[in-house]
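In the UniProt record's numbering, the protein residues as written are 37 to 428. Even glycine gets a Cβ: it sits at the ideal position worked out from N, Cα and C.
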Ligand code: CMC
């Protein structure tokens, strides 16, 4: 069968060539289609960033208007899709609902799942971005027992999401500009991150020829785990635990250093970033700005800062080059926006959807694409005889 080289966790294996996102882990550089993440976070909207990632260029005014109209037109779910919500227990995990519902979209109202032209792809991409937001907000509404709030065409993507989450009959929720800005920034900073676990999953599924919706649904599932997108929720669990149980931050750090404890410092460490995660820097500042603008204090922010300072001064974390990652401060922002903890990873999924779509398209459009199929080192039994049951 030839020689197979084992690369545990694919740490040194390039799985594809890609023109979408550039990362320099040593320098802490992240760029989407060449544009620095810091510029996008400060100045771009989530949808403009999504267009940049998916179509390869910043949109001109006409392209932006056209894409916005597609988003507005496709925001609603097919009426019969509502039955799926009723099929889940009200306390189902929102990530389970999201992946199932995204996979179900194709069964209803998007005939362009078999994308054959660019116009069909634009409709499908807009439909997926728009419906992901609708599904996420509707999942929350069904969890809290409130009627669904319909999207408003006059609102930008992030504002619209907050409206759909928190508006109740006869009382529209109006997010402040600072809240909308913070959520927009959160989404922009999550929009792509090259060959991470969930994006690799999307590409893997796409390489077998699966359609956009199924491939992205697989990405949502891959994102769920606590070492990946689930880390933002795990960070909040950790900070709340330290706060509520009065655990000194230093004791928590000691536990995280002890492998046998099973505890990790959540929101710390990254496979690629070895000096700092540029997204964490932006989000830390954004967390402070948001809380200040809302005139609230959050004890968890102080705990986060203390944990960060202690870890950065600790030999264990320094030797292993472990720094705060994107998830360390993002939960503080989401919490300040009133988003419940079990929705945090769904917010990550909404943010990452443009990246998943862009990567699906790159696989789809590559005429030389082969099915992705790694090999293994077999370490199981040698040839073993089958025995009848009474001889086992
Ligand atoms: N706390 C304590 N020790 C850690 C941590 C941590 N957060 N992260 C890594 N280490 C140790 C690890 O035990 C190992 O030590 P040793 O060399 O003594 O065996 C060393 O550092 C290298 O770790 P690794 O697990 O081989 O590194 P990896 O590249 O496979 O994993 C990671 C990267 C992000 C999964 C890991 O750092 C981690 O589990 N972090 C906490 C979870 C987290 O915050 N995940 C979000 C990642 S960023 C956004 C995303 O992808 O969704």
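- Only residues of its own chain outside the window of five on either side were considered, and among them 323, 327, 368 have a CB closer than 7 Å to the CB of residue 337, listed in chain order.
- For residue 352, the three-state secondary structure derived from DSSP is helix.
- Judged by pairs of C-beta atoms under 8 Å, the segment 220-231 touches the segment 79-96, as three or more such pairs exist.
- Ranking 190, 170, 161, 220 by CA distance to the CA of residue 115 puts 170 first.
- Inclusion of residue 346 and residue 286 in the CB contact set at 7 Å is warranted, their separation being smaller than that value.
- Residue nearest to residue 382 within the set 426, 391, 129 is 129 (criterion: CA-CA distance).
- Per DSSP, residue 423 lies in no beta strand (DSSP E) segment and is marked neither H nor E.
- The residues 124, 175, in chain order, have a CB closer than 6 Å to that of residue 133 in the same chain once the five nearest residues on each side in sequence are set aside.
- Three or more pairs of CB atoms, one per stretch, sit closer than 8 Å, so the segment 307-322 contacts the segment 62-74.
- Under the three-state reduction of DSSP, residue 212 is assigned to coil, being neither helix nor strand.
- Within the same chain, and ignoring the five residues on either side of residue 254 in sequence, the residues whose Cβ sits closer than 6 Å to its Cβ are 237, 241.
- At least one heavy atom of ligand 1 lies closer than 6 Å to the C-beta of residue 265.
- The DSSP-derived three-state label of residue 158 is helix.
- Sequence-distant partners of residue 293 (beyond 5 residues in either direction) whose C-beta falls short of 6 Å from its own C-beta, in its chain, are 352.
- Here the C-alpha atom of residue 117 lies approximately 35 Å from the C-alpha atom of residue 365.
- Cβ contact annotation for residue 266 (same chain, cutoff 7 Å, sequence separation greater than five): 260, 381, in chain order.
- Distance from the Cα of residue 375 is smallest, within the candidate group 356, 249, 172, for 172.
- Within 10 angstroms of the beta-carbon of residue 47 lie fewer than 16 other beta-carbons, which makes it exposed.
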